[in-house]
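Number of protein chains: 2
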Amino acid sequence: MKAQLSSPTNPTINDIARVAEVSLATVDRVLNARPGVRETTVAKVNRAIEELGYVRDTAAAALARGRFYHFTFVLPQNDNAFIALLEQQINMLALTMRHERTKLSAVRVAAFDPVALAKAIEAIDPATVDGVAVFGPETPSVRDAISHLKANGVTVVSPVADIPSSERDHYIGVDNVAAGRTAAQLMGRFLTGSSGKILVVSGSMLARDHLERRLGFDEVIARDFPDLDVLPSVECRDDPALLRQLLPAVFADNADLVGVYSSAGGNEGLLEYLAQDPTAKRPVVVAHELTDLTRPALAEGWFDAVISQDAGHLVRSAVRVMRATSARIPINSAQERIRIEILLRDNLI
Amino acid sequence: MKAQLSSPTNPTINDIARVAEVSLATVDRVLNARPGVRETTVAKVNRAIEELGYVRDTAAAALARGRFYHFTFVLPQNDNAFIALLEQQINMLALTMRHERTKLSAVRVAAFDPVALAKAIEAIDPATVDGVAVFGPETPSVRDAISHLKANGVTVVSPVADIPSSERDHYIGVDNVAAGRTAAQLMGRFLTGSSGKILVVSGSMLARDHLERRLGFDEVIARDFPDLDVLPSVECRDDPALLRQLLPAVFADNADLVGVYSSAGGNEGLLEYLAQDPTAKRPVVVAHELTDLTRPALAEGWFDAVISQDAGHLVRSAVRVMRATSARIPINSAQERIRIEILLRDNLI
DNA sequence: GTGAAAGCGCTAACAA
DNA sequence: TTGTTAGCGCTTTCAC
């Protein structure tokens, strides 16, 4: 069936060679901008390419090149549910990427520990990988470690939290300032008519994603919601137990606490605290990342909104970008844009 | 550089043939589940596949098959900004898909006109396409036209608005009921403390996406916001002028109109109406689809929220799904899930 | 500077 | 039921 359909066969390099009256090798040199071809020959070939409307067949090119790619993710080692999601997606994608001559791996390193992270990055032999995705704090030691990778021709991307001061090739993740602004807008709107204090739970001042969220959050509250006061961040290092322990004092000291912006991990501690005192007036809660923890919290009304990013998209995007960067081919930035997802109980997925 | 890296060369069908002591052709038959191989031989080959950890190289397979794909989109012909976005994305993707041996095209057909749509679908020669994406109303004539395509081996998907009663292979788009619920939740929350009427602007009762949104919207308002009353839908057929003309009466008849849910096109008419009466108390407005029209409306505060879906993702997804269905290979449903995006002025992109 | 020729891993006639 | 063989379109030595 459809035999005739399968035949509007595109021009190949053979056709170009014929039309341009050169050999296959020369066409290839021109196509791949390799040196050692006379100007006039280049022009002849390009004219033929133009004339025939040639488009390179990526499958054939990939096969002939026969190159293998190896990319590795460096992730924080803690029991953050979102990180677990990321790792799961990496493992899933690894399976399908084998068909595309690319190998994926992941290493875990102590969370919020720049020195350990730098060590882990330095432990990666640049000769054995084509790209590394580094998720961690932006500190001098981390920057240096990334610099070392780059010096050895390795592609580096920073997923989730950007490391703009390093030589990383790309950031893969949401605009965290905008995410913070969005959280503030929702919080403020959901608190129409109320006034009082807002608690912001953060992971660490080292975490750029958390910092940026706080920045955006403050900006919008200050601009649009003068009746709301944002308290200094509580740093919980994504540790539910620590957060659980810190909360009573915060609530005790601020009787007019009307909202909680949980911009980091540790939501379990927050939920435990909220559940333990059913008499208290429940604050409006906006949290981050849709996980097995936040999903039920949203469904049952403990959380009012969750700002999230798709872990699958993030991982696929990181790999596509590393692959494209390593192979020096262009990136479709629209496809790689990670969306700020807003989840209410009504669009839960 | 990295010469040794490029060598952890995967096993090929040659290796399998050697280990299983059969020919390449037999391995190929087993791999592609082609008939005419003895049970015991199949087992031998599968054992070798297992043992060697074989993974098929998709690039090589694609090259050897040398098949071309042709997919076409059937889109409503009106000046809806979202549809323009879709068409633009189709044209953009068409350029890159040429490298993957697939051709994309699009035809436009009168909007909200099931007969014209059915005719247009029937005009497609099943011998010249591998897949058709049909965006339009769910009516018997459309169903029959789709049925005809399916009978001739053509893959059919329905983007944006589902046609579940047809034989379409897949729906590509957001859960419109959930989108409506989300709109209602935002509307209700943004109207905390107010009571009054809500106007719902729809395109047509024929449009399943609009119907489903209304369904979800009503459900949540009824459940969570008893102080709000939803008026019967105003059908504007995505026509700004018609909407502009209908609005004065609606506002005049309902002095307590506090919200507008614009679930379809025609937003230009709504904006014109709102701008023309600066003295009126502005209703909370939730609209659909981020376009050159709704983006500034959101930024300037005329709209409070926009529910959207990524046109680029939608088109890429439709093409991936048609390709996978035509080639009988599995779909990564997580990747193809189109997200309900919520846009506030603070996460505008 | 340029060309000839041997594959890359898989598929699909055609034979046997 | 199984095997042989000639490619798919491109890249890459190596020779001229």
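Taken in order, these protein sequences are the chains called C and Y.
For reference, each letter of the first sequence is one residue, going 12 to 360 in our numbering.
For reference, each letter of the second sequence is one residue, going 12 to 360 in our numbering.
Just so you know, even glycine gets a beta-carbon here, dropped at the ideal spot from N, CA and C.
In this text, all values refer to a predicted model and were calculated from it rather than measured experimentally.
For residue 71 of chain Y, the chain C residues whose C-beta falls within less than 8 Å of its own C-beta are 70 and 74, listed in chain order. In the DSSP annotation of this structure, residue 65 of chain C is not part of any beta strand (DSSP E), being labelled neither H nor E. Assignment of residue 248 of chain Y by DSSP, reduced to helix, strand and coil, places it in the coil class.
For residue 229 of chain C, the uninterrupted alpha helix (DSSP H) segment begins and ends at 219 to 235.
Annotation: the continuous alpha helix (DSSP H) that includes residue 335 of chain Y extends over 322 to 337. Per DSSP, residue 213 of chain C is one residue of the beta strand (DSSP E) stretching across 207 to 213. Counting along the chain, no beta strand (DSSP E) covers residue 110 of chain C, and no H or E run does either.
The three-state secondary structure of residue 316 of chain Y, taken from DSSP, is strand.
When the Cα atoms are used, residue 286 of chain C and residue 230 of chain Y turn out to be separated by approximately 28 Å.
Across the structure, residue 342 of chain C and residue 198 of chain Y are spaced so that their CA atoms are roughly 38 Å apart. Per DSSP, residue 352 of chain C is one residue of the beta strand (DSSP E) stretching across 352 to 354. Restricting attention to alpha helix (DSSP H) runs no shorter than 4 residues, the segment 17 to 100 of chain Y encloses them at 24 to 31, 35 to 42, 50 to 63 and 69 to 76, ordered along the chain.
Neighbourhood of residue 83 of chain C in chain Y, by CB distance below 9 Å: empty, with the nearest CB roughly 12 Å away.
Only those residues of the segment 103 to 118 of chain C whose C-beta falls short of 8 Å from the nearest C-beta of chain Y are listed: 107, 109, 110, 111, 112 and 114. Between the segment 133 to 146 of chain C and the segment 61 to 75 of chain C there are fewer than three inter-stretch CB-CB distances shorter than 8 Å, so the stretches are not counted as touching. When C/267, C/279, C/181 and C/277 are compared, the shortest CA-CA separation from residue 293 of chain C is found for C/267.
Excluding the 5 residues flanking it on each side, residue 104 of chain Y has same chain C-beta neighbours closer than 7 Å at 115, 326, 327 and 330, in chain order. In the same chain as residue 37 of chain Y, and ignoring 5 residues on each side of it, the C-beta atoms closer than 7 Å to its own belong to 48, 52 and 56, in chain order.
Within the model, the alpha-carbon separation for residue 179 of chain C versus residue 84 of chain Y is close to 39 Å.
Here residue 216 of chain Y is exposed: its Cβ has fewer than 16 other Cβ atoms, across all protein chains shown, within 10 Å. With fewer than 16 other Cβ atoms from the protein chains shown falling within 10 Å of its own Cβ, residue 175 of chain Y counts as exposed.
Along the segment 324 to 342 of chain Y, going in chain order, the ones with a CB nearer than 9 Å to a CB of chain C are 324 and 327. The C-beta of residue 126 of chain C has fewer than 16 other C-beta atoms within 10 Å across all chains shown, which makes the residue exposed.
Along the segment 270 to 289 of chain Y, none of the residues has a CB nearer than 9 Å to a CB of chain C.
Chain-ordered listing is empty here: chain Y has no CB closer than 8 Å to the CB of residue 320 of chain C, the nearest sitting near 10 Å. The segment 29 to 46 of chain Y and the segment 208 to 228 of chain C do not touch, with fewer than three beta-carbon pairs separated by less than 8 Å. The alpha-carbon separation between residue 148 of chain Y and residue 307 of chain Y amounts to approximately 30 Å. Between the alpha carbons of residue 122 of chain C and residue 87 of chain C lies a distance of about 5 Å.
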